[in-house]
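Just below is one structure, and these are the notes that go with it.
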Amino acid sequence: MDFNYFNFKSSNKVAKGSLIFSQPLMQDLNFNRSIILICEHNSEGSFGYKLNDKIKPSSIQTDIDPMIKNYLFSGGPVETSNLNFIHNSQEIKDSERISKNVYLGGELESILDRKLDYKIDVKFFSGYSGWSQNQLETEIEDNSWIVVNEYDYSIIFKEIDDNFWSKFLSNQGIKNKIFSNYPKDSSMN
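In terms of our numbering, the sequence shown opens at residue 40 and continues consecutively.
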């Protein structure tokens with residue numbers, strides 16, 4: 040039994056479609072308690088979107104489509120002026136398959152039309168999370184991320200918040216359960 044309670048080493052390999060969860064003690068405020076969908080992972084680097092950092096509609100410019108406002112998340116700290124999206128429809132032209140029932144991009148008008156008819160699940164992102172060559176692997180080796188490759192893909196489009204992060208972590212073994220309720224700010228403990 041491993042009694043090093045601060046070792047969050049992940050046994051899974053990161054790949055396109057993986058979810059990565061920030062380890063409980065991460066101090067980087069950009070990623071504290073983050074859940075990120077990896078949309079690309081190759082020899083040149085990786086990128087993905089934070090699934091649990093919803094932007095409050097009241098804090099968004101008024102000239103953005105109301106539908107986008109209601110489903111807008113901060114995808115990460117890189118290129119925050121860019122709008123990207125994921126969805127669950129293979130019928131959207133020019134979209135790229137990320138994993139089972141998860142697609143990236145495509146024709147925005149088709150997305151908005153289908154969302155109005157409740158025929159599609161979608162999340163929009165301002166910015167993304169990116170890593171250079173081998174950077175993500177190094178961070179995983181340094182215990183910054185817990186990699187999950189098997190999960191219910193429908194969770195990607197649900198409202199995910201800090202409670203989800205804690206619930207998920209509590210199901211990942213006794214060591215992680217101990218830290219699942221650890222405060223964001225350790226000085227508050």
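For glycine and all other residues, C-beta sits at the position ideal for the given N, C-alpha and C.
None of the values given here were measured: they were computed from a predicted structure.
Just to confirm my understanding: we take ILE94, look at its own chain, exclude 5 residues before and 5 after, and list those with CB closer than 7 Å. What are they?
By one-based count along the sequence shown, residue 94 stands at place 55. Closer than 7 Å at Cβ, skipping near neighbours: LEU111, PHE112, SER113 and SER165.
Could you tell me the alpha carbon to alpha carbon distance between LEU90 and PHE203, rounded to whole angstroms?
Within the sequence shown, the letter at position 51 stands for residue 90. Within the sequence shown, the letter at position 164 stands for residue 203. Spanning the two alpha carbons is a distance of roughly 11 Å.
Quick one: what's got a C-beta closer than 6 Å to GLU118's C-beta in the same chain, skipping five residues either side?
For the purposes of this step, residue 118 is taken as the residue at position 79 of the sequence shown. Once the five neighbours on either side are set aside, the close Cβ partners of GLU118 are GLY166.
Rounded C-beta distance between ASN188 and SER57? I'm assuming under 8 Å.
Numbered from 1 along the sequence shown, position 149 holds the residue referred to as residue 188. Numbered from 1 along the sequence shown, position 18 holds the residue referred to as residue 57. So it is a contact: roughly 5 Å between Cβ atoms.
DSSP three-state call for LEU143: helix, strand or coil?
Residue mapping note: residue 143 aligns to position 104 of the sequence shown, counting from 1. If DSSP states are grouped into helix, strand and coil, LEU143 belongs with the strands.
Over the uninterrupted beta strand (DSSP E) stretch that includes ASN121, give me the two end residues.
Along the sequence shown, read from residue 1 onward, the residue named residue 121 stands at position 82. From DSSP, the beta strand (DSSP E) with ASN121 extends over 117-126.
With DSSP run on the structure shown, which of helix, strand or coil describes LEU58?
The sequence position of residue 58 within the sequence shown is 19, counting from 1. In the structure shown, LEU58 sits in a strand (DSSP, three-state: E or B).
Expressed to the nearest angstrom, what Euclidean distance is found between the alpha-carbon atoms of LYS52 and ASP92?
Residue 52 sits at position 13 when you count from the first residue of the sequence shown. Residue 92 sits at position 53 when you count from the first residue of the sequence shown. LYS52 and ASP92: Cα-Cα distance of roughly 24 Å.
Could you check the C-alpha separation between TYR190 and PHE196 for me, to the nearest Å?
To locate residue 190, count along the sequence shown from 1; it is residue 151. To locate residue 196, count along the sequence shown from 1; it is residue 157. Looking at the two C-alpha atoms, the distance is approximately 13 Å.
What's the call for SER82, buried or exposed, on a 16-neighbour Cβ count within 10 Å?
The count along the sequence shown starts at 1 and reaches residue 82 at position 43. With fewer than 16 Cβ atoms within 10 Å of its Cβ, SER82 is classed as exposed.
Could you check which residue in ASP104, GLU135, VAL141 and ILE77 has the C-alpha nearest to that of ASN127?
On the sequence shown, residue 127 is found 88 positions in, with the first residue counted as 1. Ranking ASP104, GLU135, VAL141 and ILE77 by Cα distance to ASN127 puts VAL141 first.
If you drop the 5 nearest sequence neighbours on each side, which residues of the same chain put their C-beta closer than 7 Å to that of TYR192?
Locating residue 192 in the sequence shown gives position 153, counting from the first residue. Cβ within range, chain order: SER138, LYS139, ASN140 and VAL141.
Taking the Cβ atom as the reference point for each residue, do ARG72 and SER61 lie within a distance shorter than 9 Å?
As a working mapping, residue 72 is identified with position 33 in the sequence shown. As a working mapping, residue 61 is identified with position 22 in the sequence shown. In contact: ARG72 and SER61 (Cβ atoms closer than 9 Å).
Assign PRO28 to one of two classes, buried (16 or more other C-beta atoms within 10 Å of its C-beta) or exposed (fewer than that).
This structure cannot speak to residue 28, because the chain is shown only from 40 to 228.
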